[in-house]
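Asks: Chains as they are written, first to last, in our numbering: chain A, 2 to 301; chain L, 2 to 301; chain W, 2 to 301; chain R, 2 to 301. A single structure is presented below for examination.
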């Protein structure tokens, strides 16, 4: 191992964690991974993971936000020692970071949060990284960050955003923007699809990939998505949300920032998951009351 | 007939026209009505209607906007004479009024447009009226307007908004506001319904009918709608629109007026009528592309 | 005092509290009021207020939400006794109610929350009331509630919404709806004002007061507002918000309820208070970057 | 000139037209340009331009949409002959194309519309092109299109969208999407700027340029815009619109397509240009009416 390679622990080997482990190993780092699923795990439990790491130990958490992350942080607090360093790379709400950091610091354990973007393509392309923590901790982790991010100029894929929590805050806003961009493309898709004079919807999006103002990686993915299923016949208009969009709007409210586009994209997702809309039922009921307008019955 | 009673023609005896005829007759006016449906019509055709009226003839049109109104105006142009007066009381787009007026004026026929609000309750309560036209024509029609509107102070239910087209413009904006108000109540209904700690959703709306800031006639109707079906189980969330909301947003655009609330209410109606949303499909497809997120298939 | 009159304490004698005290006294109740402002206060402090009340003591809090209410609740916990009853009639966030209730119950003090709507007109018209708490406590307070609400059928101005917190939840949603309704009227006002063919904007709103679908108390107030200042020349487009709108949207998010209209109204208020919009600056900057479009400099 | 080079006319040598002429010449084509500004024009007038071109003549229009384009089309109809071919590359409303095409076809002049994206960077990077017209006309123009678009796979920067008008329709939707994307980034910018814990707003955007889901060309421009003016102190939040966003929303309405994000971005621009908002004044006035809430006076 040369001086720039490190041996770290990785907790959570799902789609993101497993790929990040692979990318780190490809870069010459050593990674011991733990996952609840024994088939993908290198060790039997977190205690064993910690035993295998050199001191000061560095452990990267890559599990779902909320209770799963809370529980891993608590478990790590039990088995790590003063001077060890925990990085939370999941999509944790920024407001949890200070709590986790405080919890760990009771035992002198250091904490860094890191927003990670790139999805399933990160293994191949590298990940965009947004870190929060103190300067020394971030500096110590730079070999790991440099391995995870795309090659090339560091400032194009890595930023030290601020103190603990700032990395996840930036990632939250990143995802809010992502909601808005996806909805913008999606509205364009619906408009083009609704117009019979547009003979080649997929070809139109494809032709926007170079030269245009709207070219982007999301657009490339959109073209890919239309390749095999140009009318999206095999996909239902049902869209989950995993929290960052909600938190972005909550922060917009907390800071009195108007965010109509991100919020519209969020509400669109909520609506996508409703069998029927109670609000729409009410509007139909009101129209019937004042205008005698016919209503549809459920199932009609 | 005393000097304030009139004999007018009414074309279109649907829910609105028939009730208006009844209210006019109750007030002592004479109304000869024509409808395509011979069972409700007083005369066999428009020509016969015109023959029955004293000169100068006054004919109130109460048919659907667009082609049906265009066609009645054209027919009236053929059979009316110089000095006769046509009132369009339907929900015509204001921009059609100038065209209709110009068409009729070629034969010296006068034209007034009048927005009419009140729905099926107008027979009993009277209608709110917004008239567009010149002063003399409006003055001549005041006995008709006074019979249609609720008793009491004229300025609370009648307005001469401006020249031809202004009445329908005001009615269009009225309906745009109506869209926004209904959607506001509907969102409140959905919020209260979603919260298990609210034990009496209908009772809550009922208790807003007096004293509160949100009391209104629409609220009274909302309480009525919940009386027999407190969870709106028998109504699907499918909402038609008949044009005024679209035109209001088009005018917002034409005049660079931000109208986020009225527009949101309009889009909600569009969405209510979709089996599935192509835009939502696209967002689901994009999430699958970058994040490997599972999608639902149609029907799942 | 007959059996239905009560003697209660009222803490907070601002616009709302003072009017409510007056209305209660007009109805034959006895009210001892405390306010930080000695000029309007009946007693020197909360302890003195409590001494003057018969047992079990009933104290109505009518102070701003948040810290002021927290502090009054804490003070009352110190001076009240088992069996006493506190009502919070302010615009407290529903989530604070359970905390206040738990705090007081440590000493056996009972708690009821009550949303109060009606503004400065409540003294004359009566208030709409939404109460949360247990059946026995609510029943005990009915003489007070009946005095505060308009005369007539109780169910049209009073509702027992559910357990502690439910009253304020209903009031929060009420205010969210209020935001949406006001913005709907305001957009209509801007549309009518932008159109030169509308000769009488105020007269148009006035004519909607009877017979129309959009008639409401807010509309009556709107006509009143335009009476002396038909173009609102003396009012800046600067709109405060006091929390309920924000909480409504937060609850929409928490319950995955799309609330585009209420949210648009909230964001409009945020924007109204900005000297310049950072988001708009960015859009201008982007247009300059890709299109060479000229930008304005601040103050231009 | 080899068989793939052409000699065409270009009318309009502003920022777009001049750059396109340069790119065509760089590719070996011959371009005779006309502009009302004699300093940049190759010829004195349109008639002279037409004389200089080989038959069948090909003339590319690159002037502002609306009246300027209408007038150039009319002038060309006067001086061109049967078999000549006009391309409108400006931002014309798609609905004008059919009219222009019909006008020209009266003399046997052919017509193609072409949406062009890429802004001031197109000279260097190439333009994204969306063409509408018949197969033979498009085929004849391919050498011109190939020179204008970026090198590489044709399908990534050129599409034959459909018949006349379809090219501009696609460009209109492209610009609608652009509005939504810019507003999404702008809201993210405002959110990050509002949060004091974010120590490096520009660095955060810079770090999104590689690896992340939101990477795009617009993001690169955003980072560029923040380079010299990281807080956009020299730019006012005043945003023009040149039509495509309005038309996109009009088409959303015409086709009953919900387009909340694109519409929100459009309304944001409208609001950015208001000294004060009449709607906001009304909301402030209403709050004063019911709640006695203080209002600000203009200039306060």
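Cβ coordinates follow ideal geometry from the N, Cα and C atoms, glycine included.
Since residue 254 (chain R) and residue 247 (chain L) are thought to touch, with beta carbons under 8 Å apart, how far apart are those beta carbons, to the nearest angstrom?
Replies: Sequence index remark: in the fourth chain, residue 254 (chain R) carries index 253 (1-based). Sequence index remark: in the second chain, residue 247 (chain L) carries index 246 (1-based). So it is a contact: roughly 5 Å between Cβ atoms.
Asks: Is the shortest distance between the beta-carbon of residue 259 (chain A) and the beta-carbons of chain W less than 8 Å?
Replies: Numbered from 1 along the first chain, position 258 holds the residue referred to as residue 259 (chain A). Yes - at least one Cβ of chain W is within 8 Å of the one on residue 259 (chain A).
Asks: Examine the Cβ distances between the stretch 64–79 of chain W and the stretch 145–152 of chain W and report whether three or more of them are shorter than 8 Å.
Replies: By the Cβ test, the stretch 64–79 of chain W is not in contact with the stretch 145–152 of chain W, since fewer than three Cβ pairs between them sit closer than 8 Å.
Asks: Rounded to whole angstroms, how far is the Cβ of residue 11 (chain R) from the Cβ of residue 63 (chain R), which I believe are closer than 8 Å?
Replies: Against the fourth chain, residue 11 (chain R) aligns to sequence position 10. Against the fourth chain, residue 63 (chain R) aligns to sequence position 62. Correct: roughly 6 Å between the Cβ atoms.
Asks: Identify whether residue 125 (chain W) lies in helix, strand or coil by the three-state DSSP scheme.
Replies: In the third chain, residue 125 (chain W) corresponds to position 124, counting from 1. Assigned with DSSP and collapsed to three states, residue 125 (chain W) falls in helix.
Asks: How should residue 55 (chain L) be labelled, buried or exposed, when 16 other C-beta atoms within 10 angstroms of its C-beta is the threshold for buried?
Replies: What you label residue 55 (chain L) is simply residue 54 of the second chain in a count that begins at 1. The residue in question, residue 55 (chain L), is exposed, as its Cβ has fewer than 16 Cβ neighbours within 10 Å.
Asks: How about residue 196 (chain W): is its C-beta nearer than 8 Å to some C-beta of chain L?
Replies: Sequence index remark: in the third chain, residue 196 (chain W) carries index 195 (1-based). Chain L contact via Cβ: present.
Asks: Check each candidate in A:301, A:299, A:300, A:292 and name the one with the smallest Cα separation from residue 20 (chain L).
Replies: Here the question's residue 20 (chain L) lines up with position 19 in the second chain. Per the Cα distances, A:292.
Asks: Counting only the same chain and skipping the five closest in sequence on each side, list residues whose C-beta sits under 6 Å from that of residue 2 (chain W).
Replies: Stepping through the third chain from its first residue, residue 2 (chain W) is reached at position 1. Its pLDDT being 42, under 50, residue 2 (chain W) is placed unreliably in this model, and the value from its coordinates should be taken loosely. Result list for residue 2 (chain W): empty, nothing under 6 Å.
Asks: Among the candidates R:109, R:223, R:17, R:258, whose CA atom is the shortest distance from the CA of residue 282 (chain W)?
Replies: In the third chain, counting from the first residue as 1, residue 282 (chain W) sits at position 281. The candidate whose alpha carbon is nearest that of residue 282 (chain W) is R:223.
Asks: Can you find a C-beta in chain W that's less than 8 Å from the C-beta of residue 262 (chain L)?
Replies: Within the second chain, numbered from 1, the residue matching residue 262 (chain L) stands at position 261. Taking Cβ atoms only, chain W reaches closer than 8 Å to residue 262 (chain L), which makes this a yes.
Asks: Look at the Cβ atom of residue 296 (chain A), then the Cβ atom of residue 270 (chain A), and state whether they are nearer than 8 Å.
Replies: For this step, residue 296 (chain A) is matched to residue 295 along the first chain. For this step, residue 270 (chain A) is matched to residue 269 along the first chain. The answer is no: Cβ separation not under 8 Å.
Asks: With H, G and I counted as helix, E and B as strand and the rest as coil, what does DSSP make of residue 86 (chain A)?
Replies: Working through the first chain from its first residue, we reach residue 86 (chain A) at position 85. Reduced to three states, the DSSP call for residue 86 (chain A) is strand.
Asks: In whole angstroms, what is the alpha-carbon distance linking residue 298 (chain A) and residue 121 (chain L)?
Replies: Counting from 1 along the first chain, the entry for residue 298 (chain A) is found at position 297. Counting from 1 along the second chain, the entry for residue 121 (chain L) is found at position 120. So the alpha carbons of these two residues sit roughly 21 Å apart.
Asks: Could you check the C-alpha separation between residue 165 (chain R) and residue 104 (chain R) for me, to the nearest Å?
Replies: Walking along the fourth chain from the start, residue 165 (chain R) turns up at place 164. Walking along the fourth chain from the start, residue 104 (chain R) turns up at place 103. When rounded, the distance between both Cα atoms is 13 Å.
Asks: Name, please, each residue of chain L whose Cβ falls closer than 8 Å to the Cβ of residue 151 (chain W).
Replies: Position 150 of the third chain holds residue 151 (chain W). Here the neighbours are 211, 212.
Asks: Closer than 6 Å by C-beta to residue 262 (chain L): which residues in its own chain qualify, once you throw out the five before and the five after it? Chain order, please.
Replies: Numbered from its first residue, the second chain carries residue 262 (chain L) at position 261. Counting only Cβ-Cβ distances below 6 Å, and skipping sequence neighbours, we find 181.
Asks: Strictly under 8 Å for the Cβ-Cβ distance: is residue 250 (chain R) near chain L by that measure?
Replies: Translated into positions along the fourth chain, residue 250 (chain R) becomes position 249. True, the Cβ-Cβ gap to chain L drops below 8 Å.
Asks: So, under 8 Å CB-CB, residue 185 (chain A) and residue 160 (chain R) are touching, yes? Tell me the CB distance rounded to an integer number of Å.
Replies: As a position in the first chain, residue 185 (chain A) is number 184, starting the count at 1. As a position in the fourth chain, residue 160 (chain R) is number 159, starting the count at 1. 19 Å between Cβ atoms; not a contact.
Asks: Along the beta strand (DSSP E) that carries residue 165 (chain A), what are the first and last residues, could you check?
Replies: Locating residue 165 (chain A) in the first chain gives position 164, where the first residue counts as 1. Unbroken run through residue 165 (chain A): none, as it is neither H nor E.
Asks: Tell me whether residue 195 (chain A) sits in a helix, a strand or coil according to DSSP, three-state version.
Replies: For this step, residue 195 (chain A) is matched to residue 194 along the first chain. Residue 195 (chain A): helix per DSSP, three-state reduction.
Asks: Put residue 20 (chain A) into one of helix, strand or coil per three-state DSSP.
Replies: Locating residue 20 (chain A) in the first chain gives position 19, where the first residue counts as 1. Residue 20 (chain A): helix per DSSP, three-state reduction.
Asks: Please list, in chain order, the chain A residues whose beta carbon lies closer than 8 Å to that of residue 241 (chain R).
Replies: The sequence position of residue 241 (chain R) within the fourth chain is 240, counting from 1. In chain order: nothing, as chain A lies at least about 16 Å away.
Asks: Can you look up residue 11 (chain L) in the DSSP assignment and give me helix, strand or coil?
Replies: Taking the second chain and counting its residues from 1, the one referred to as residue 11 (chain L) is at position 10. In the three-state reduction of the DSSP assignment, residue 11 (chain L) falls in the strand class, which pools E and B.
Asks: Report the rounded CA-to-CA distance for residue 60 (chain L) versus residue 219 (chain A), giving the unit in angstroms.
Replies: Taking the first residue of the second chain as 1, we reach residue 60 (chain L) at position 59. Taking the first residue of the first chain as 1, we reach residue 219 (chain A) at position 218. Going by the C-alpha atoms only, they are around 59 Å apart.
Asks: Can residue 183 (chain L) and residue 237 (chain L) be called in contact, C-beta distance under 8 Å?
Replies: On the second chain, position 182 is the one that residue 183 (chain L) refers to. On the second chain, position 236 is the one that residue 237 (chain L) refers to. For residue 183 (chain L) and residue 237 (chain L), no; Cβs fall outside 8 Å.
Asks: Taking the straight line between their C-alpha atoms, what separation do you get for residue 256 (chain W) and residue 175 (chain R)?
Replies: The residue labelled residue 256 (chain W) in the question sits at position 255 within the third chain. The residue labelled residue 175 (chain R) in the question sits at position 174 within the fourth chain. Cα to Cα, the separation comes out at about 34 Å.
Asks: By the criterion of Cβ-Cβ separation under 8 Å, what are the contact partners of residue 186 (chain W) in chain R?
Replies: By one-based count along the third chain, residue 186 (chain W) stands at place 185. 283, 287, listed in chain order.
Asks: Would you grab the beta carbon distance between residue 116 (chain L) and residue 169 (chain L) for me? Rounded to a whole angstrom, and I think it's under 8 Å.
Replies: To locate residue 116 (chain L), count along the second chain from 1; it is residue 115. To locate residue 169 (chain L), count along the second chain from 1; it is residue 168. Residue 116 (chain L) to residue 169 (chain L), Cβ: 5 Å. Contact.
Asks: Under 7 Å Cβ to Cβ from residue 250 (chain W), same chain only, skipping five residues before and after it: list those, please.
Replies: Translated into positions along the third chain, residue 250 (chain W) becomes position 249. Excluding residues within five positions, the ones whose Cβ falls inside 7 Å are 260, 263, 264, 267.
Asks: Report the three-state DSSP secondary structure of residue 219 (chain L) (helix, strand or coil).
Replies: Counting from 1 along the second chain, the entry for residue 219 (chain L) is found at position 218. Three-state result, residue 219 (chain L): helix.
Asks: Compute the minimum distance between the beta carbon of residue 262 (chain L) and the heavy atoms of the ligand GDP, and state whether it is under 7 Å.
Replies: As for the ligand GDP, it is missing from this structure, which has no ligand bound.
Asks: What are the partner residues of residue 59 (chain W), as DSSP defines its beta bridges?
Replies: Looking up residue 59 (chain W) in the third chain gives position 58. DSSP lists W:86 as the bridge partner or partners of residue 59 (chain W).
Asks: Look up residue 114 (chain R) in the DSSP assignment and give the residues it is bridged to.
Replies: Here residue 114 (chain R) is taken as the residue at index 113 of the fourth chain, counted from 1. According to DSSP, residue 114 (chain R) bridges with R:89, R:133.
Asks: So, using beta-carbon positions, are residue 66 (chain A) and residue 91 (chain A) closer together than 8 Å?
Replies: The count along the first chain starts at 1 and reaches residue 66 (chain A) at position 65. The count along the first chain starts at 1 and reaches residue 91 (chain A) at position 90. A contact, by the Cβ cut-off of 8 Å.
Asks: Have a look at the DSSP bridge pairing and note the partners of residue 33 (chain W).
Replies: The count along the third chain starts at 1 and reaches residue 33 (chain W) at position 32. DSSP lists W:10 as partners of residue 33 (chain W).
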